[in-house]
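*Asks:* Have a look at this one.
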Amino acid sequence: MFLRLKLLLVLLMPFSPALAVSLPAPEGEVILRIHGAISQTNKPGIAAFDMAMLDALEQRQTITETPWYEGPQEFTGPTLAALLAHVGAKGQALRIVAINDYAATIPVSDTQASPVILASRHEGRELSLREKGPLFVIYPFSEMPHLKNEVIFSRSVWQVMSIEVLP
Ligand SMILES: Nc1nc2c(c(=O)[nH]1)N[C@H]1C(S)=C(S)[C@@H](COP(=O)(O)O)O[C@H]1N2
Ligand SMILES: [Mo]
1 MFLRLKLLLV LLMPFSPALA VSLPAPEGEV ILRIHGAISQ TNKPGIAAFD MAMLDALEQR
61 QTITETPWYE GPQEFTGPTL AALLAHVGAK GQALRIVAIN DYAATIPVSD TQASPVILAS
121 RHEGRELSLR EKGPLFVIYP FSEMPHLKNE VIFSRSVWQV MSIEVLP
């Protein structure tokens, strides 16, 4: 009985919307690739995003002090939580890889405990590579001062290029 059910599920798998290429294809330059434990993709195994796709997600703004700028700065972008929901992520941790070869692992629980932003704007403007763009993981340090520690600073990856969702 259960075996038959499993067989049926396996046979239906290729038609399951969760496994199909299910996100619209990016039209602009791809600035972020997500892979790993995700169910929503637009290339085999990958969810590729251009800026317009990131802008279409729920946005969050924070005005925060950081170790990298003088004084409070305004950052805006999708929350990592919204991004993870969009790609159907089912995982415990995120491997965030930067263009400069830096990488850090963020527990998914961080994205539930605080509105961690994948910032695409700084003071209303896109971030160039030189300005730590195009995407910068920003924790709301000033809203939640307990985040001001070396562990969280090390998770604040700039020049983000890809995210692997680890099971
Ligand atoms: N892309 C990128 N993000 C990064 C880093 C890096 O080298 N590259 N360093 C990380 C570490 S280890 C820390 S503590 C903070 C602060 O780095 P800084 O002291 O060099 O400014 O940024 C984090 N984000
Ligand atoms: Mo660090």
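When the letters of the sequence shown are read in order and numbered with our numbering, they come out as residues 1 to 167.
In this text, a Cβ means the ideal position worked out from N, Cα and C, and glycines have one as well.
The model shown is predicted, which means the values in this text are computed figures rather than measured ones.
In whole angstroms, what is the alpha-carbon distance linking Lys90 and Ile38?
*Replies:* Approximately 6 Å between the Cα atoms of the pair.
*Asks:* Secondary structure at Phe153, three-state DSSP: helix, strand or coil?
*Replies:* Residue state, collapsed to three classes: helix.
*Asks:* Cβ of Phe153 versus every heavy atom of ligand 1: is any distance shorter than 6 Å?
*Replies:* At least one heavy atom of ligand 1 is nearer than 6 Å to the Cβ of Phe153, so yes.
*Asks:* Work out the CA separation of Ala103 and Val160 for me, nearest whole Å.
*Replies:* Using only the alpha carbons, I get a separation of about 9 Å.
*Asks:* Can you determine whether any heavy atom of ligand 1 sits closer than 6 Å to the C-beta of Val97, and answer yes or no?
*Replies:* Answer for Val97: no, Cβ out of range of ligand 1.
*Asks:* Quick one: using the 10 Å Cβ neighbour count with 16 as the cut-off for buried, is Arg121 buried or exposed?
*Replies:* Buried, since its Cβ has 16 or more Cβ neighbours within 10 Å.
*Asks:* If you draw a straight line from the alpha carbon of Pro17 to that of Gly88, how long is it in whole angstroms?
*Replies:* Low per-residue confidence applies at Pro17: pLDDT is 49, beneath 50, and the placement is therefore not dependable, though the value from the model is reported in the following sentence. Approximately 11 Å between the Cα atoms of the pair.
*Asks:* Return yes when the Cβ of Ala119 is within less than 7 Å of the Cβ of Val168, no when it is not.
*Replies:* No answer is possible for residue 168: the residues shown for the chain start at 1 and end at 167.
*Asks:* To test your reading of the DSSP string, which unbroken alpha helix (DSSP H) runs of 4 or more residues are found completely within the region 98-141?
*Replies:* With a minimum length of 4 residues, the continuous alpha helix (DSSP H) runs that stay inside the region 98-141 are 108-113.
*Asks:* Say yes only if the C-beta of Ser162 is nearer than 6 Å to one or more non-hydrogen atoms of ligand 1, and no if none qualify.
*Replies:* For ligand 1, not one heavy atom lies less than 6 Å from the Cβ of Ser162.
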